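Residue numbers (full-length UniProt numbering): 1 to 800.
Pasting the structure below:
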């Protein structure tokens with residue numbers, strides 16, 4: 001290149017047959033042209049061959065993902081255009097940033113600002129995470145590594161610490177398991193650590209305070225247990241901390257030393273202590289679904305930057321600080337399902353920002369403060385399940401709350417007595433042990449003096465290595481999540497005239513049939529969007545206000561495997577007597593339902609076994625979200641094969657979910673809650689039955705996917721009797737399983753699903769798995785199938 005520039009500059013400075021004016025022009029052009037060419041070549045990052053080879057080796061390790069097709073020896077990899085799935089950045093002659101995201105990935109977004117990705121499947125059995133990390137560590141200048149949802153599996157090796165220049169590490173949404181290597185704490189330049197949505201287990205780590213520059217630490221959606229690691233409160237620069245969706249137990253430390261903390265997410269664990277002191281910088285606090293007790297500290301009413309507080313589903317008692325409701329930035333306040341008692345002060349003031357308040361299912365008495373009872377349209381208030389003097393239909397009698405409070409106090413007094421007894425007993429045992437020790441020492445001392453021997457104490461020869469408790473996991477929390485901006489698409493109210501225009505006045509040509517509830521029409525809105533419109537008869541007992549609140553709740557459910565509710569239309573006046581129809585407007589899913597794609601119904605578009613697994617996994621993810629991703633959960637979701645719709649990419653979308661909240665049945669169930677304690681116990685048992693009903697219904701969807709035919713109620717009994725004997729042998733499977741399944745499945749994958757189906761449709765509800773177990777087994781079956789398919793392709797390639 002230097003000789004080329006030299007010749008170019010000579011040519012520029014000595015043009016042929018120069019004239020005086022041209023000679024002057026060339027003399028001026030010479031430094032400019034030379035400088036321009038030098039600048040061009042100096043700012044173009046051409047990787048050395050060694051680093052190109054490393055990147056291509058990584059491509060091979062990841063089994064040649066489609067997003068890396070443009071990577072080859074002839075390409076200028078540093079100047080390859082970025083995409084949503086691949087980004088490569090170079091400085092000088094080195095790669096400093098590597099981001100790869102799996103293309104076949106489901107983006108999951110919960111209504112509580114929790115977003116994550118789910119990979120389609122793992123890499124094959126040929127993948128070696130140890131070799132992969134060895135190759136990756138040869139890129140010694142890396143500052144950012146993001147390898148999300150690529151199907152990477154295996155235990156994370158110790159050699160990860162060789163990437164000692166890393167500032168951001170994101171390995172989330174993969175299949176990593178086992179312990180996180182303790183040497184990750186030596187990567188002192190780390191600012192963001194993301195290992196979210198994997199399968200790490202053991203206790204949470206307790207050495208991350210060595211990472212003094214760490215700002216984001218998240219341990220979400222793993223299987224961590226043990227106590228909350230106290231060293232975390234010594235990470236001074238920490239702004240985002242999340243350990244939610246694990247099994248962490250014990251008490252919480254004082255968080256006031258984390259003076260930069262903005263997001264604290266400890267939902268869905270087993271924490272059992274009083275609420276600690278919090279830093280005043282917090283914007284989001286999520287502590288729901290634990291076993292926290294005691295009163296809400298007054299200090300919580302001084303968190304002026306707080307926007308989102310969720311303390312629901314704990315055992316918190318007493319009265320919440322009145323100042324919680326008037327915090328200047330508070331927009332979401334959920335205190336539901338606790339033991340809060342007493343009367344809310346009449347003079348409570350509510351912040352103008354406060355849009356959602358939930359104090360339902362507590363022990364509150366008296367009236368409802370003015371700022372909660374006369375809420376503006378933008379404020380949604382839930383207060384059912386208390387003993388308030390307003391809305392008696394959805395409240396308990398005041399005696400119920402008094403009885404519960406007395407029993408709670410008695411239980412606490414009994415607990416204290418037991419604790420005192422235990423402490424007293426322990427003290428006696430300790431005194432006896434001390435007396436024995438003194439006696440022994442005196443006796444032993446006398447014996448050794450007689451023998452004139454002095455023995456050196458033998459030191460404990462304990463290993464200095466780190467224990468299995470030093471585990472870790474983290475997830476980078478996006479800016480959208482931190483600010484709580486991630487939510488569902490906007491829902492709106494449609495006019496009846498819009499719907500008539502969309503369906504040509506509900507013409508027969510727009511009629512799609514009858515769903516599980518009501519008629520279905522296909523429509524086309526003015527902007528060209530195709531929609532599905534469901535027409536329901538409105539039950540007279542449902543007030544317009546309650547109905548609108550329930551429809552608003554349905555519209556807030558947003559998940560890639562749910563058919564989205566775009567809006568609604570209530571036909572009639574503003575009182576129950578004149579209202580007779582309600583329309584629900586959903587997104588239109590164009591590719592039919594699962595039943596349409598089974599062999600008996602649509603031979604030319606029949607789904608093969610791997611495709612059926614993908615659809616079943618999508619549906620299971622939707623049900624799992626409805627059960628656990630929202631509070632309160634949605635159960636009894638009309639699970640049928642014809643309610644699992646497929647879009648143009650064969651992505652499963654569940655329809656007809658949550659409709660029970662706008663039917664008469666929900667009113668009957670809410671009325672039952674006014675009973676005594678025994679009726680509450682019965683209702684809790686009924687709630688569990690609903691959970692199991694969804695799993696039971698899903699079992700028949702699995703069965704239909706296996707046999708490839710519609711299963712009527714009459715056929716259910718026959719199949720149930722045949723399953724145990726037929727599925728247990730190869731000949732039996734050939735007789736009952738769809739031939740398309742048999743010719744496209746791996747036997748181990750099929751066996752996993754058959755076993756799962758048997759458990760789901762067990763006659764004993766207690767023997768049925770949770771929907772989380774259903775999802776895990778389906779994903780495992782898909783992984784086994786993918787491995788078998790990969791092996792088959794390798795054999796075919798070797799034979800050719």
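The beta carbon of each residue, even a glycine, is placed where N, CA and C say it ideally should be.
Quick caveat, the model's predicted, so the values are computed rather than measured.
With distances taken Cα to Cα, identify the nearest neighbour of residue i among the options.
i, options, result
"residue 292", "206, 275 and 593", "275"
"residue 749", "787, 89, 251 and 270", "787"
"residue 278", "254, 270 and 493", "254"
"residue 155", "136, 130 and 139", "130"
"residue 295", "315, 289, 536 and 741", "315"
"residue 195", "149, 594 and 232", "149"
"residue 326", "338, 317 and 308", "308"
"residue 179", "225, 233 and 522", "225"
"residue 166", "757, 193 and 741", "193"
"residue 177", "157, 553 and 191", "157"
"residue 262", "758, 284 and 585", "284"
"residue 286", "280, 569, 265 and 270", "265"
"residue 251", "795, 298, 271 and 397", "271"
"residue 342", "324, 382, 398 and 357", "398"
Quick one: what does DSSP say residue i is sitting in, helix, strand or coil?
i, result
"residue 357", "strand"
"residue 325", "helix"
"residue 240", "strand"
"residue 372", "helix"
"residue 658", "coil"
"residue 700", "helix"
"residue 471", "Confidence in residue 471 is poor, its pLDDT being 23 and thus under 50, which makes the residue's placement unreliable; the coordinate value appears in the next sentence. Residue state, collapsed to three classes: coil."
"residue 270", "strand"
"residue 419", "A caution first: residue 419 carries a pLDDT of 47, below 50, which makes its placement in the model too unreliable to give a value."
"residue 134", "helix"
"residue 640", "coil"
"residue 54", "helix"
"residue 535", "strand"
"residue 364", "strand"
"residue 514", "strand"
"residue 492", "strand"
Determine whether the beta carbon atoms of residue i and residue j lie at a separation below 8 Å.
i, j, result
"residue 639", "residue 701", "yes"
"residue 267", "residue 244", "yes"
"residue 355", "residue 389", "no"
"residue 235", "residue 214", "yes"
"residue 306", "residue 335", "no"
"residue 624", "residue 533", "no"
"residue 696", "residue 768", "yes"
"residue 618", "residue 641", "no"
"residue 587", "residue 650", "no"
"residue 708", "residue 646", "no"
"residue 223", "residue 201", "yes"
"residue 659", "residue 570", "no"
"residue 385", "residue 494", "no"
"residue 613", "residue 597", "no"
"residue 204", "residue 229", "yes"
"residue 331", "residue 311", "no"
For the alpha helix (DSSP H) containing residue i, list its first residue and its last residue.
i, result
"residue 71", "Here residue 71 belongs to no alpha helix (DSSP H), and DSSP marks it neither H nor E."
"residue 785", "771-799"
"residue 620", "609-628"
"residue 230", "That residue, residue 230, is in no alpha helix (DSSP H); it is neither H nor E in DSSP."
"residue 760", "747-760"
"residue 278", "Note, residue 278: premise wrong, no alpha helix (DSSP H); not H, not E."
"residue 731", "730-736"
"residue 500", "496-502"
Start and end of the beta strand (DSSP E) containing residue i?
i, result
"residue 249", "247-250"
"residue 744", "Unbroken run through residue 744 is the alpha helix (DSSP H), 739-744; no beta strand (DSSP E)."
"residue 219", "No beta strand (DSSP E) contains residue 219, which DSSP labels as neither H nor E."
"residue 295", "293-295"
"residue 821", "Residue numbering for the chain in the displayed model covers 1 to 800; residue 821 lies beyond these limits and cannot be assessed."
"residue 587", "581-587"
Tell me, to the nearest whole angstrom, how far the beta carbon of residue i is from that of residue j; I am working on the premise that it is less than 8 Å.
i, j, result
"residue 320", "residue 303", "With 8 Å as the limit, residue 320 and residue 303 do not qualify as a contact, their Cβ atoms being about 13 Å apart."
"residue 227", "residue 197", "Incorrect: roughly 23 Å between the Cβ atoms, too far for contact."
"residue 257", "residue 233", "5 Å"
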